[in-house]
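The structure appears below as structure tokens.
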Amino acid sequence: MQQAQEEEEHRREATARFQFTLSEIQAQLEQHDIHNAKLRQENTELGEKLKKLIEQYALREEHINKVFKHKELQQQLVDAKLQQTTELIEEADGKHQREREFLLKEATESRHRYEEMKREEAQLKEQLSLYMDKFEEFQTTMAKSNELFTTFRQEMEKMTKKIKKLEKEMIMWRTKWENNNKVLLQMAEEVRRFYVNA
2 MQQAQEEEEH RREATARFQF TLSEIQAQLE QHDIHNAKLR QENTELGEKL KKLIEQYALR
62 EEHINKVFKH KELQQQLVDA KLQQTTELIE EADGKHQRER EFLLKEATES RHRYEEMKRE
122 EAQLKEQLSL YMDKFEEFQT TMAKSNELFT TFRQEMEKMT KKIKKLEKEM IMWRTKWENN
182 NKVLLQMAEE VRRFYVNA
């Protein structure tokens, strides 16, 4: 009788330990599910943000390409006028020499900055393509590495800031370039009138 009671007591203890272990496992599974759900939500939100960023960048790229094309045509006109003006000024008595040198220097610097910004634009395109590739890798490894998620998000934020900064610089230099070109065209017209009325 006593042995039977002891065996019954052992069974109860074993059952209690088993039930406790099951409860712990269930709690861990629930925590894991919550964590995975949060990661999936963050992944989805990041994916949407990246999609919007890519769409916005595509629109910016299209606009910038149109601006560059228009400015290249303007530059061809300015170069032709500048060449004509230079030839006329070379025959003059040097009255406008210092002003011409200053304007030529300004025009050259603006032109160089314009070309430099085109190179920066190409580099940003390459970087964006690289981050798009990283995003594909990121989607396959998100469940394994939360650290990768944080790093990628920071890199995308840096990229967005670089694009916005470049756009502001482009507007500034484009305005300066256009103002210099206006002055050059005005100067060319003044020289032309000078020789016509001479």
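No gaps in the numbering here: position 193 of the sequence shown is 194 in our numbering, and each next residue is one more. We put the CB at the ideal spot given by N, CA and C, even for glycine.
Fewer than three pairs of CB atoms, one per stretch, sit closer than 8 angstroms, so the region 155 to 167 makes no contact with the region 182 to 195.
Within the same chain, no Cβ atom closer than 6 angstroms to the Cβ of Glu170 is found once the five residues on either side in sequence are excluded. Taking the Cα positions, Ile65 is about 13 angstroms away from Trp174. Looking only at Leu131, Gln76 and Met133, the smallest Cα-Cα distance to His113 is reached by Gln76.
Separation of the CB atoms of Glu127 and Leu167 is rounded to 14 angstroms, and the pair is thereby denied contact status at 8 angstroms. Between Tyr58 and Ile172 the beta-carbon gap is near 17 angstroms, outside 8 angstroms, which marks them as no contact.
With 16 or more other Cβ atoms from the protein chains shown falling within 10 Å of its own Cβ, Asn182 counts as buried.
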